[in-house]
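Novice: Take this structure first; my questions come after.
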Amino acid sequence: MEVKKESVQDYLYQNMREQWKILFGIETEIHLHKWLINYKNNCLFLYNVHGLLIGESSNDLKDEQRKLVYKKTASTLEIIDSLSTLQIPLSAAKQAIQMVCDYLYDYLPLGSVVILNKKYLGKAFEVDAIQQVRFVITQRFACIPDTETFYPYGGIIYPIGQIEGERVMYFTPPLIEEVQHIGFQDDTDRAFVLEMKEELIKRKNFQSIAFIDSKKREQAQQVIERRGR
């Protein structure tokens, strides 16, 4: 049976709306839907909004493509367009963003080749003299043992591959600066990704490492270093 991306996204989004009703109530769910339907098919900008919410800066954030302005107050996130302003409690906004990004993100297939942000690579490589480093995606939904946390992607350096003693580089979608090649994908792959989202995120309540607090992130990193990648 053919697995259509649009049908899968519709199914996941409706499931998520039902979860919002349970978690936040009908009124907040309506506001979340009015806002987040804009990101149903491309959620990457929401990582920037999440950064606004967890940061100390009170600067406004603009989504030029969707013509939205974000303002953080002491207790709410304001989403402003040309006609109206939505006010959503900060806790609901944070959790809803995490759910959208983890649940609706369109994962790249295995074998895809990406260029990562050099600032991130600086933690693992000497990057001053490197113009760009490409990685081949070899893992998705890489669970961190003894935590309810996962990395969306793991990859190895292109074209060298994995050298003995070298570790896999784990990363999150915002760190991808460019997709240079998209790997093979068929209905089997799409069905696998859907099953992982249903099992890992919905049933087991795992979260991407991008959305956990600094203490939990440090603990997860210690597990990775202790066990090796």
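Numbered per the working numbering, the sequence shown spans residues 331 to 559. Note that the Cβ used here is the ideal one computed from N, Cα and C, for glycine as well.
Within its chain, find whatever has a CB closer than 6 Å to the CB of Trp365; leave out the 5 residues flanking it on each side and keep chain order.
Specialist: Stepping through the sequence shown from its first residue, residue 365 is reached at position 35. Once the five neighbours on either side are set aside, the close Cβ partners of Trp365 are Ile409 and Leu416.
Novice: Quick check: the Cα distance between Arg347 and His363, rounded to an integer number of angstroms?
Specialist: Position 17 of the sequence shown, counted from the start, is the residue given in the question as residue 347. Position 33 of the sequence shown, counted from the start, is the residue given in the question as residue 363. Their Cα atoms are separated by approximately 7 Å.
Novice: Does Asp432 pass the burial test, meaning 16 or more other C-beta atoms within 10 Å, or should it be called exposed?
Specialist: Counted from its first residue, the sequence shown places residue 432 at position 102. Per the 10 Å Cβ criterion, buried.
Novice: Given that a residue counts as buried once 16 or more other Cβ atoms are within 10 Å of its Cβ, and exposed if not, what is Lys527?
Specialist: In the sequence shown, the residue the question calls residue 527 occupies position 197. So Lys527 counts as buried.
Novice: Go through its chain and collect everything with a Cβ distance to Trp350's Cβ below 6 Å, but skip five positions before and after it.
Specialist: What you label residue 350 is simply residue 20 of the sequence shown in a count that begins at 1. These residues qualify, in order along the chain: Glu359 and Leu362.
Novice: Classify Ile490: buried if its beta carbon has 16 or more other beta carbons within 10 angstroms, exposed otherwise.
Specialist: The residue labelled residue 490 in the question sits at position 160 within the sequence shown. Per the 10 Å Cβ criterion, exposed.
Novice: Using 8 Å as the Cβ pair cut-off and three pairs as the minimum, do the stretch 432-441 and the stretch 335-343 touch?
Specialist: yes
Novice: For Asp517 and Lys392, I'd like the C-alpha separation in whole angstroms.
Specialist: Locating residue 517 in the sequence shown gives position 187, counting from the first residue. Locating residue 392 in the sequence shown gives position 62, counting from the first residue. Approximately 37 Å, taken between the alpha carbons.
Novice: Thinking C-beta only, is Leu440 closer than 7 Å to Ala423?
Specialist: Position 93 of the sequence shown, counting from 1, holds the residue named residue 423. Position 110 of the sequence shown, counting from 1, holds the residue named residue 440. No, the Cβ-Cβ distance between Ala423 and Leu440 is not below 7 Å.
Novice: If Ser442 and His380 are in contact, beta carbons under 8 Å, what's the gap, nearest whole angstrom?
Specialist: Looking up residue 442 in the sequence shown gives position 112. Looking up residue 380 in the sequence shown gives position 50. Contact between Ser442 and His380 fails: their C-beta atoms lie close to 24 Å from each other, not under 8 Å.
Novice: Note down the Cα distance separating Arg470 from Leu438, rounded to an integer number of angstroms.
Specialist: In the sequence shown, counting from the first residue as 1, residue 470 sits at position 140. In the sequence shown, counting from the first residue as 1, residue 438 sits at position 108. Approximately 9 Å, taken between the alpha carbons.
Novice: Who are the near neighbours of Gly485 in its chain, counting only those whose CB is closer than 6 Å to its CB and skipping five residues on each side?
Specialist: As a first step, residue 485 is located in the sequence shown; it is residue number 155 there, counting from the start. Excluding positions up to five away in sequence, the list reads Phe465, Val466, Ile467, Thr468 and Met499.
Novice: Which same chain residues, not among the five before or five after Phe480, have their C-beta less than 8 Å away from its C-beta?
Specialist: Residue 480 sits at position 150 when you count from the first residue of the sequence shown. If we look at Phe480 and ignore the five residues flanking it on each side, its Cβ neighbours are Phe471, Ala472, Cys473, Ile474, Leu530, Phe536, Gln537, Ser538 and Ile539.
Novice: Is any beta-carbon of chain C found at less than 7 Å from that of Leu530?
Specialist: No chain C appears in the structure shown, which is made up of a single protein chain.
Novice: Going straight from the alpha carbon of Gln395 to that of Ser412, what length do you get?
Specialist: As a working note, residue 395 is residue 65 in the sequence shown. As a working note, residue 412 is residue 82 in the sequence shown. Approximately 13 Å between the Cα atoms of the pair.
Novice: Please go through the same chain and pick out, in chain order, the residues whose beta-carbon is closer than 8 Å to the beta-carbon of Asp390, but skip the five residues on each side of it.
Specialist: As a working note, residue 390 is residue 60 in the sequence shown. Same-chain partners within the cutoff: Val399, Tyr400 and Lys401.
Novice: Ile356 lies in the alpha helix (DSSP H); which residues open and close that run?
Specialist: By 1-based counting over the sequence shown, the position of residue 356 is 26. Run containing Ile356: Ile356 to Leu366, per the alpha helix (DSSP H) assignment.
Novice: Can you give the Cα-Cα distance for Gln492 and Gln549, rounded to whole angstroms?
Specialist: To locate residue 492, count along the sequence shown from 1; it is residue 162. To locate residue 549, count along the sequence shown from 1; it is residue 219. Taking the straight line from one Cα to the other gives about 26 Å.
Novice: Bridge partners of Pro419, per DSSP?
Specialist: Taking the sequence shown and counting its residues from 1, one reaches residue 419 at position 89. Note: Pro419 sits in a beta bridge opposite Thr406.
Novice: When the distance is taken between beta carbons, is Val553 closer than 7 Å to Asp476?
Specialist: As a first step, residue 476 must be located in the sequence shown, where it is residue number 146. As a first step, residue 553 must be located in the sequence shown, where it is residue number 223. Cβ distance < 7 Å, so Asp476 and Val553 count as in contact.
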